[in-house]
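Chemist: In the working numbering, the protein residues as written are 1271 to 1622.
Have a look at the structure that comes next, please.
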Amino acid sequence: MSVQELVVRRGRRSGVTTMVAVHSRVLGPAVGGCRFKVYPDVRDAIDDVLRLSAAMTRKCAVAGLDFGGGKSVVALEEVPTPERRRDILLDHADLIASLDGAYLAGPDVGTGPADMLVLRERTPHVFCLPEEHGGTGSSSGPTAVGVLAALRAGARTVFGDASMRGRTVVISGYGSVGAHLAADLVTQGAEVIVSDVDEHRLRAAAEQGLRRVAPDQVLGVEADVLIPAAVGGVLGPATEVSAPLVVGPANNQLTEDAVADELAARGVLWIPDFVASAGGVVYTLGREKENLTHDEALARVETLEDTTRGILDAASANGTTPLAEANVLAEARLTSGAEPRTPSPREPRTAA
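So, in structure tokens, the structure goes:
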């Protein structure tokens, strides 16, 4: 895992360790979310920021964005008070500012638009600000739109059509994106089952009339579609998945890339997370950095369906996996700097 720059610093106000990883700036400044999370050890936080920044490089490349991949992490030892949280964010903002625009921060796990406003007190290199301060606010809605676009492409491959009517969909994670997805899929006529470790979220799901399942049972539920919408690393070599189609917004869903081959061998179509989850960053950067209108930015998110379909068609024609073809597409963009094109069939490759 190659990284251009990793900066780790202990905040002068809070004493909390914060870090930024810049994985690539080939296509432009690195962008990525600011993760605010309790870690058992700072080494776990470093592993996380490195993996996530690499995924952002692929996400931006495949989505056709003129930005590179980065990520930042605030490695908490415990959940802070509101006053201490502000000091931690200001410390993190100072670290981002020291990179002189090499990295632009947006929200991620544990942060939101209001936190980006705090960061902006010390650095202009942020995005996804609150709407009342000229930003786009939460990116959860556009992220869900992108997932649904990828889902349509996957459904056509697996089921022969994109309709979700009568399909059973399991969503692992009923956070903001998961809730958006659930509401939309119910409207489309799907039976939606949700799971979450947070009891408050589960109660909210129950109020919407959704079926619930325990987190340790979610992967084994008989369903047509599984949507990982919570933490990463949920799909490993020994993971049993009942659904034939897996597509969702959670980052780094696989414990290792080889799992994509194992899922394919078992007849499970897994759509790469860095493709399916790109809607939020596509929309937000389009609005805030390219001055696109809402409709223009949303239309760009919808093109993820065509991108996904091209990846799936190439995987079928070449006897490879969607992950392999998505990586080819990303690498081609990173090498040439050109707009990504729909993958085309090639001679089948053998694994190295």
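The C-beta atom is built at its ideal place from N, Cα and C for all residues, glycine as well.
Here the structure is a predicted model, which means the values were calculated and not measured.
Rounded to a whole number of angstroms, what is the C-alpha to C-alpha distance between Gly1339 and Ser1408?
Modeler: So the two alpha carbons sit approximately 20 Å from each other.
Chemist: Using the beta-carbon count (16 or more within 10 Å), is Pro1385 buried or exposed?
Modeler: It should be noted that the sequence gives Asp, not Pro, for residue 1385. Burial call: buried.
Chemist: From the DSSP secondary-structure annotation, give me the bridge partner or partners of Cys1304.
Modeler: Answer by DSSP bridge pairing, in chain order: Ser1342, Pro1377.
Chemist: In this structure, what does DSSP give as the bridge partners for Ala1291?
Modeler: For Ala1291, which the question treats as bridged, DSSP gives the partners Leu1276, Lys1341.
Chemist: DSSP puts Glu1461 in a beta bridge; with which residues?
Modeler: In the DSSP output, where bridge partners are listed per residue, Glu1461 has Thr1438.
Chemist: Closer than 6 Å by C-beta to Val1517: which residues in its own chain qualify, once you throw out the five before and the five after it? Chain order, please.
Modeler: Cβ within range, chain order: Ala1420, Leu1421, Gly1424, Ile1541, Ala1546.
Chemist: Excluding the 5 residues flanking Val1439 on each side, which residues of the same chain have their C-beta closer than 6 Å to its C-beta?
Modeler: The answer, listed in chain order, is Leu1455, Ala1460, Val1462, Val1495.
Chemist: If you draw a straight line from the alpha carbon of Arg1313 to that of Ala1500, how long is it in whole angstroms?
Modeler: Spanning the two alpha carbons is a distance of roughly 22 Å.
Chemist: Please look up how many angstroms separate the CB atoms of Leu1346 and Tyr1309, rounded, as I've assumed it's under 8 Å.
Modeler: With a Cβ gap of about 7 Å, Leu1346 and Tyr1309 count as contacting.
Chemist: Is the beta carbon of Leu1389 less than 8 Å from the beta carbon of Pro1400?
Modeler: The answer is no: Cβ separation not under 8 Å.
Chemist: Looking at the secondary structure, which residues open and close the beta strand (DSSP E) in which Leu1496 lies?
Modeler: First-last of the beta strand (DSSP E) with Leu1496: 1495–1498.
Chemist: Between Asp1361 and Thr1288, is the Cβ-Cβ spacing less than 8 Å?
Modeler: The answer is yes: Cβ separation under 8 Å.
Chemist: Kindly list the residues whose CB is nearer than 7 Å to the CB of Gly1503, restricted to its own chain and excluding five residues on each side of it in sequence; keep chain order.
Modeler: Only Asn1522, Thr1525 meet the Cβ criterion.
Chemist: Short of 6 Å in beta carbon distance, which residues of its chain neighbour Val1286, apart from the five on each side in sequence? Order them along the chain.
Modeler: Contacts found: Ile1358.
Chemist: Name the DSSP bridge partner or partners of Arg1482?
Modeler: Bridge partners of Arg1482: Val1464.
Chemist: Does Val1529 come out as helix, strand or coil in the three-state DSSP assignment?
Modeler: Helix at Val1529.
Chemist: Would you call Ser1342 buried or exposed, if buried means 16 or more other Cβ atoms sit within 10 Å of its Cβ?
Modeler: Counting Cβ neighbours within 10 Å, Ser1342 comes out buried, since at least 16 surround it.
Chemist: Is the beta carbon of Asn1597 closer than 8 Å to that of Arg1295?
Modeler: No, the Cβ-Cβ distance between Arg1295 and Asn1597 is not below 8 Å.
Chemist: For the region 1351–1410, list the alpha helix (DSSP H) runs that are entirely contained and at least 4 residues long, ordered along the chain.
Modeler: With a minimum length of 4 residues, the continuous alpha helix (DSSP H) runs that stay inside the region 1351–1410 are 1352–1367, 1383–1390.
Chemist: What is the DSSP secondary structure of Leu1515, counted as helix, strand or coil?
Modeler: Strand at Leu1515.
Chemist: Mind pulling the alpha helix (DSSP H) runs of 4 or more residues that sit fully within the region 1549–1590?
Modeler: Runs found: 1549–1558, 1564–1572, 1574–1588.
Chemist: Below 7 Å CB to CB, which residues in the same chain sit around Val1290 once its five sequence neighbours on both sides are set aside?
Modeler: Excluding sequence neighbours, Val1290 sits near Val1277, Gly1340, Ser1342, Leu1365, Ile1366, Leu1369, Tyr1373.
Chemist: Using the DSSP secondary-structure output, state which residues sit across from Leu1472 in a beta bridge.
Modeler: BP columns for Leu1472 are empty, so no partner.
Chemist: What do you reckon, are the CB atoms on Thr1554 and Thr1393 nearer than 8 Å?
Modeler: Going by C-beta atoms, Thr1554 is not nearer than 8 Å to Thr1393.
Chemist: Who are the Cβ neighbours of Ser1465 in its own chain at under 6 Å, not counting the five residues just before and after it?
Modeler: Here the set comprises Ser1442, Val1483, Pro1485, Val1488.
Chemist: Decide if Pro1615 is buried, meaning its Cβ has at least 16 other Cβ atoms within 10 Å, or exposed.
Modeler: Confidence in Pro1615 is poor, its pLDDT being 42 and thus under 50, which makes the residue's placement too unreliable to answer from.
Chemist: Pull up the distance between the alpha-carbon of Glu1348 and that of Gly1436, whole angstroms please.
Modeler: Going by the C-alpha atoms only, they are around 44 Å apart.
Chemist: What do you reckon, are the CB atoms on Ala1600 and Val1332 nearer than 8 Å?
Modeler: Yes.
Chemist: Quick one: Cα of Arg1280 to Cα of Val1538, how far?
Modeler: Whole-angstrom Cα-Cα distance: 43 Å.
Chemist: Rounded to the nearest angstrom, what separates Pro1350 and Ser1284 at their Cα positions?
Modeler: Looking at the two C-alpha atoms, the distance is approximately 10 Å.
Chemist: According to DSSP, is Leu1505 helix, strand or coil?
Modeler: Reduced to three states, the DSSP call for Leu1505 is strand.
Chemist: What's the call for Ser1410, buried or exposed, on a 16-neighbour Cβ count within 10 Å?
Modeler: Buried.
Chemist: Take Arg1321 and list the residues in its own chain whose beta-carbon comes closer than 6 Å to its own, dropping the five residues that flank it on each side.
Modeler: So the qualifying residues of the chain are Asn1522.
Chemist: Can you tell me whether Leu1451 is helix, strand or coil according to DSSP?
Modeler: DSSP places Leu1451 in helix when its eight states are reduced to three.
Chemist: Who are Leu1539's beta bridge partners in DSSP?
Modeler: Bridge partners of Leu1539: Leu1515.
Chemist: Kindly indicate which three-state DSSP category Leu1418 falls into: helix, strand or coil?
Modeler: In the structure shown, Leu1418 sits in a helix (DSSP, three-state: H, G or I).
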